[in-house]
Amino acid sequence: MSTRSLTGLSPSARRLAAFGCIVWCFITLFPLYWVVVTAFKTPPGVVGGPTYIPFVDFTPTLQPFIDLYQGIRGEFFRTFLNSTMVGLSSAVIATAIGAMAAYALVRFEFRVRLVSGLAFFVLALGGYLVFNATLGLTRPQSLLLAFPIALVAAILVNRLPLPGPILGNEDILFWFVSQRMFPPIVTAFALYLLYTEIGRMGFQLVDSFIGMTLCYVAFSLPIVVWLMRDFFEALPIEVEEAAMVDNVPTWRIFLGIVVPMSMNGLIATFLITLAFVWNEFLFALFLTNAKWQTLPILVAGQNSQRGDEWWAISAAALVAIVPMMIMAALLGRMMRSGVLLGAIK
Amino acid sequence: MMRNDPIKHLFIWPAVLVVLAISIFPLIYSLTTSFLSFRLIPPIPPRVVWLGNYTTLLQEPRFWNALFITTLVAVIAVTLQYVIGFAVALALNARVPGERLFRVGLLLPMLLAPVAVALVARMIFNPTMGPLNQLLTQFGFPNLPFLTNGHWALGCIIAVEVWQWTPFMILMLLAGLQTLPEDVYEAAELENASHWQQFWGITFPMMLPISAAVVFIRLIESYKIMDTVFVMTGGGPGVDTETLTLFAYQEGFKKFNLGYTSALSFLFLIAITVIGTTYLVLLRPHLEKRR
Numbered sequence: 019m020s021t022r023s024l025t026g027l028s029p030s031a032r033r034l035a036a037f038g039c040i041v042w043c044f045i046t047l048f049p050l051y052w053v054v055v056t057a058f059k060t061p062p063g064v065v066g067g068p069t070y071i072p073f074v075d076f077t078p079t080l081q082p083f084i085d086l087y088q089g090i091r092g093e094f095f096r097t098f099l100n101s102t103m104v105g106l107s108s109a110v111i112a113t114a115i116g117a118m119a120a121y122a123l124v125r126f127e128f129r130v131r132l133v134s135g136l137a138f139f140v141l142a143l144g145g146y147l148v149f150n151a152t153l154g155l156t157r158p159q160s161l162l163l164a165f166p167i168a169l170v171a172a173i174l175v176n177r178l179p180l181p182g183p184i185l186g187n188e189d190i191l192f193w194f195v196s197q198r199m200f201p202p203i204v205t206a207f208a209l210y211l212l213y214t215e216i217g218r219m220g221f222q223l224v225d226s227f228i229g230m231t232l233c234y235v236a237f238s239l240p241i242v243v244w245l246m247r248d249f250f251e252a253l254p255i256e257v258e259e260a261a262m263v264d265n266v267p268t269w270r271i272f273l274g275i276v277v278p279m280s281m282n283g284l285i286a287t288f289l290i291t292l293a294f295v296w297n298e299f300l301f302a303l304f305l306t307n308a309k310w311q312t313l314p315i316l317v318a319g320q321n322s323q324r325g326d327e328w329w330a331i332s333a334a335a336l337v338a339i340v341p342m343m344i345m346a347a348l349l350g351r352m353m354r355s356g357v358l359l360g361a362i363k
Numbered sequence: 003m004m005r006n007d008p009i010k011h012l013f014i015w016p017a018v019l020v021v022l023a024i025s026i027f028p029l030i031y032s033l034t035t036s037f038l039s040f041r042l043i044p045p046i047p048p049r050v051v052w053l054g055n056y057t058t059l060l061q062e063p064r065f066w067n068a069l070f071i072t073t074l075v076a077v078i079a080v081t082l083q084y085v086i087g088f089a090v091a092l093a094l095n096a097r098v099p100g101e102r103l104f105r106v107g108l109l110l111p112m113l114l115a116p117v118a119v120a121l122v123a124r125m126i127f128n129p130t131m132g133p134l135n136q137l138l139t140q141f142g143f144p145n146l147p148f149l150t151n152g153h154w155a156l157g158c159i160i161a162v163e164v165w166q167w168t169p170f171m172i173l174m175l176l177a178g179l180q181t182l183p184e185d186v187y188e189a190a191e192l193e194n195a196s197h198w199q200q201f202w203g204i205t206f207p208m209m210l211p212i213s214a215a216v217v218f219i220r221l222i223e224s225y226k227i228m229d230t231v232f233v234m235t236g237g238g239p240g241v242d243t244e245t246l247t248l249f250a251y252q253e254g255f256k257k258f259n260l261g262y263t264s265a266l267s268f269l270f271l272i273a274i275t276v277i278g279t280t281y282l283v284l285l286r287p288h289l290e291k292r293r
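Sequence lines, in order, name chains S and D.
For the first sequence, this note's numbering gives the first residue as 19, with consecutive numbering after it.
For the second sequence, this note's numbering gives the first residue as 3, with consecutive numbering after it.
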């Protein structure tokens with residue numbers, strides 16, 4: 019731990035640094051304090067101008083929360099449940115399959131020919147166009163046909179001794195992570211179109227649990243793979259080697275040895291993924307309308323329904339924020355033990 | 003050590019398939035749609051217009067305005083985040099009294115939903131019942147049009163971005179600071195280098211790779227800004243605070259102009275790629291020189 023860089027500072031500089039920290043901390047915490055306070059105010063208490071301290075310049079009330087629970091401004095309870103269900107299921111699935119992929123990328127060697135990657139894209143695009151334009155199939159039908167064909171062809175091409183660069187594990191990792199560079203609007207909008215057309219074929223994905231979970235799993239995978247790879251790389255390999263000598267199958271090594279050893283990392287990754295999904299707005303805006311609406315959408319809708327009812331808005335925002343506050347405390351504790359340090363290197 | 007076992011495919015394929023399905027599918031779908039003139043309301047059967055959507059967009063002032071606004075917000079916000087974040091990280095690294103408490107408190111904003119943050123910001127910036135305006139009146143300022151004047155609104159959005167994402171910078175930079183080797187500082191100490199010299203001569207250059215990575219992540223993420231603007235100003239007044247994503251949302255979801263929106267999202271993708279690549283190319287010589 020290098021604590022050196024500033025320890026030798028003169029007392030006055032040290033005081034200045036501490037003062038700066040306190041100022042920033044105040045800026046950080048004041049808005050949060052403001053939501054908490056406002057959520058306990060009565061309507062006249064808000065409109066009358068800013069007041070700061072409960073019991074001193076205003077009398078706190080629970081009415082905003084009672085209204086919230088009774089669903090006067092949208093079905094809050096159900097939306098909360100939706101957010102929790104979608105969040106938990108996608109965080110669990112994303113952490114599970116992301117951790118598996120990360121483990122594979124750390125411990126096994128992969129070689130993918132660039133040609134086969136290109137073949138996949140060209141065949142998927144070309145196949146889609148051919149099926150759609152020439153054979154007259156509907157758009158999702160052609161996509162669903164072209165996709166497996168392109169996939170199988172790409173795998174076959176990969177086996178052939180063709181020239182051209184060969185991509186290794188690092189490149190595959192980069193491919194995963196680069197998915198995060200995409201502006202989500204590209205995916206969100208296209209996914210909306212795709213989901214609607216699949217819906218027309220009788221399989222509802224828009225405004226459904228499966229559709230939301232699927233999209234959030236894909237959306238979280240890059241982060242999971244990125245974070246988990248560092249945890250797995252930091253693990254000592256000797257234990258795994260000893261198990262391999264005893265001929266323990268790989269999946270048992272993974273579940274019985276690797277997963278328990280990296281539990282801290284898995285929990286941290288799970289929490290971060292959950293936070294991302296819980297707060298996500300754009301996909302939820304496009305892909306839900308009534309039944310599976312999530313909390314951010316409902317919260318965003320609060321400000322236009324009946325004018326600015328700040329007490330109710332604060333209560334709604336507070337309900338959306340509190341779970342994340344608990345998570346910040348949990349993560350902060352892990353942060354101190356240096357769990358997340360590896361991810362940055 | 004790398005092993006080779008056929009089971010590796012079982013480990014990696016679920017993730018690859020999900021990502022392929024959810025990103026390549028839509029990519030192909032909207033790439034082809036972007037060459038069509040295709041509306042849902044009023045329903046017009048799709049017609050191939052090749053690059054028509056793209057040329058219309060490039061001639062549209064609203065597109066350039068959105069691109070400019072987004073760039074402005076991203077660049078200013080990320081710069082401020084970096085400067086403040088570095089300063090706070092340095093202070094925390096020097097074990098300011100109460101450092102543990104700061105850490106948990108400082109982490110909070112980045113975990114909150116941007117939508118909720120934006121609503122809170124609307125309250126704080128509210129001209130009649132907001133605390134900020136009361137404070138400013140104490141100092142003799144008039145009622146400021148925080149969200150109703152284009153320039154002020156843009157400033158408020160940047161302020162909210164800085165508020166929410168500086169913690170990320172602090173976190174990452176702090177972790178980086180803790181990996182710096184101690185002996186270099188000891189040597190500098192012997193040379194009687196001042197703290198200021200130590201910072202510019204050692205800390206800053208050694209932190210450059212991490213800084214570059216963190217700024218890159220934030221820059222790319224800032225370009226996607228939508229939730230905050232959506233709730234705070236809705237892109238208004240007029241189109242003064244309309245970002246690219248919001249523009250695409252308006253076209254796609256209010257007008258259901260599918261081909262046009264697809265073309266727009268592809269232009270956005272191209273813009274992000276160009277910006278990201280330029281950034282990396284510009285930075286590469288600096289990173290290599292230091293090593």
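Every residue, glycine too, gets a C-beta built ideally from N, C-alpha and C.
Considering Cα atoms alone, identify which of the options is closest to residue i.
i, options, result
"Ser267 of chain D", "D:Ile9, D:Val276, D:Leu29, D:Ala79", "D:Leu29"
"Phe139 of chain S", "D:Ser25, D:Gln136, D:Ala118", "D:Ser25"
"Lys226 of chain D", "S:Pro202, S:Ser108, S:Phe44", "S:Pro202"
"Asn176 of chain S", "S:Ile285, S:Ile190, S:Arg129, S:Phe149", "S:Arg129"
"Ile216 of chain S", "D:Ala118, D:Pro48, D:Tyr31", "D:Tyr31"
"Ile241 of chain S", "S:Val195, S:Glu93, S:Leu86", "S:Val195"
"Ala273 of chain D", "D:Val21, D:Val51, D:Thr73", "D:Thr73"
"Asp85 of chain S", "S:Trp329, S:Asp189, S:Ala164", "S:Trp329"
Comparing the C-beta of residue i with each C-beta of chain D, is any distance below 8 Å?
i, result
"Trp42 of chain S", "yes"
"Ile362 of chain S", "Summary for Ile362 of chain S: the model assigns pLDDT 45, below 50, so the residue's position carries little reliability, and this model does not support an answer."
"Gln81 of chain S", "no"
"Val203 of chain S", "For the record, residue 203 of chain S in the displayed sequence is Ile; it is not Val. Judged by the 8 Å Cβ criterion, Ile203 of chain S is in contact with chain D."
"Trp244 of chain S", "no"
"Ala286 of chain S", "no"
"Arg22 of chain S", "Low per-residue confidence applies at Arg22 of chain S: pLDDT is 46, beneath 50, and the placement is therefore not dependable, though the value from the model is reported in the following sentence. Closer than 8 Å: yes."
"Met19 of chain S", "Note on Met19 of chain S: pLDDT 37, under 50, position unreliable in the model; the coordinate value appears next. Yes, its Cβ sits closer than 8 Å to a Cβ of chain D."
"Thr152 of chain S", "no"
"Trp328 of chain S", "yes"
"Phe165 of chain S", "yes"
"Met230 of chain S", "no"
"Ala236 of chain S", "yes"
Got a sec: is the Cβ-Cβ distance from residue i to anything in chain S below 8 Å?
i, result
"Gln349 of chain D", "Since the first residue shown for chain D is 3 and the last is 293, residue 349 of chain D is missing from the structure and cannot be characterised."
"Arg293 of chain D", "With a pLDDT of 44 at Arg293 of chain D, under the threshold of 50, the modelled position of that residue is not reliable, and no figure is offered here."
"Phe13 of chain D", "yes"
"Asn55 of chain D", "no"
"Ala96 of chain D", "yes"
"Gln83 of chain D", "no"
"Arg5 of chain D", "yes"
"Phe170 of chain D", "no"
Who are residue i's beta bridge partners in DSSP?
i, result
"Val54 of chain S", "DSSP lists no partner for Val54 of chain S."
"Asn259 of chain D", "D:Arg41"
"Arg5 of chain D", "S:Phe126"
"Val119 of chain D", "Answer is none; Val119 of chain D lacks a bridge partner."
"Val50 of chain D", "D:Leu38"
"Ile184 of chain S", "S:Arg131"
"Phe76 of chain S", "S:Pro72"
Tell me whether residue i, by its Cβ, gets closer than 7 Å to a heavy atom of the ligand PLP.
i, result
"Leu86 of chain S", "No copy of the ligand PLP appears in this structure; indeed no ligand is present at all."
Is the region 201 to 220 of chain D touching the region 241 to 260 of chain D, taking contact as three or more C-beta pairs under 8 Å?
no
For the region 59 to 79 of chain D, enumerate the residues whose C-beta is nearer than 7 Å to any C-beta of chain S, in chain order.
none
Along the region 253 to 277 of chain D, what residues have a CB closer than 9 Å to any CB found in chain S?
So the close ones are Gly254, Phe255, Leu260, Thr263, Ser264, Leu266, Ser267, Phe268, Phe270, Leu271, Ala273, Ile274, Thr275.
Name the residues in the region 222 to 255 of chain D whose C-beta lies less than 8 Å from a C-beta of chain S; which are they?
Ile222, Tyr225, Lys226, Met228, Asp229, Phe232, Val233, Leu246, Thr247, Ala250, Tyr251, Gly254, Phe255
Take every Cβ of the region 176 to 192 of chain D, pair it with every Cβ of the region 84 to 96 of chain D, and state whether three or more of those distances are shorter than 8 Å.
yes
Of the residues that make up the region 16 to 45 of chain D, which ones have a beta carbon closer than 8 Å to any beta carbon in chain S?
Pro16, Ala17, Val18, Val20, Val21, Leu22, Ala23, Ile24, Ser25, Ile26, Phe27, Pro28, Leu29, Ile30, Tyr31, Ser32, Leu33, Thr34, Thr35
With a cut-off of 8 Å, do at least 3 Cβ pairs link the region 193 to 208 of chain S to the region 141 to 151 of chain S?
no
How about the region 301 to 319 of chain S and the region 225 to 243 of chain S: do they share at least three Cβ pairs that are nearer than 8 Å?
yes
Contact set between the region 126 to 150 of chain S and chain D, restricted to residues whose Cβ is under 9 Å from the partner
Phe126, Glu127, Phe128, Phe138, Phe139, Ala142, Leu143, Tyr146, Leu147, Asn150
Counting Cβ pairs, one atom from each stretch, are 3 or more of them under 8 Å apart for the region 155 to 166 of chain S and the region 208 to 225 of chain S?
yes
Would you list, in chain order, the members of the region 122 to 133 of chain D that have their beta-carbon closer than 9 Å to a beta-carbon of chain A?
Any reference to chain A falls outside this structure, whose protein chains are S and D.
Looking at C-beta atoms only, is the number of pairs between the region 58 to 69 of chain D and the region 144 to 157 of chain D that lie closer than 8 Å three or more?
no
Taking Cβ-Cβ distances below 9 Å as the criterion, which residues of the region 42 to 64 of chain S are in contact with chain D?
Trp42, Cys43, Ile45, Thr46, Leu47, Phe48, Pro49, Leu50, Trp52, Val53, Thr56, Val64
With contact counted as at least three CB pairs below 8 Å, one residue from each stretch, are the region 51 to 58 of chain D and the region 32 to 40 of chain D in contact?
yes
Against chain S, which members of the region 137 to 166 of chain D pass a CB distance test of less than 8 Å?
Trp165
The region 112 to 127 of chain D contacting the region 52 to 72 of chain S, beta-carbon criterion three pairs below 8 Å
yes
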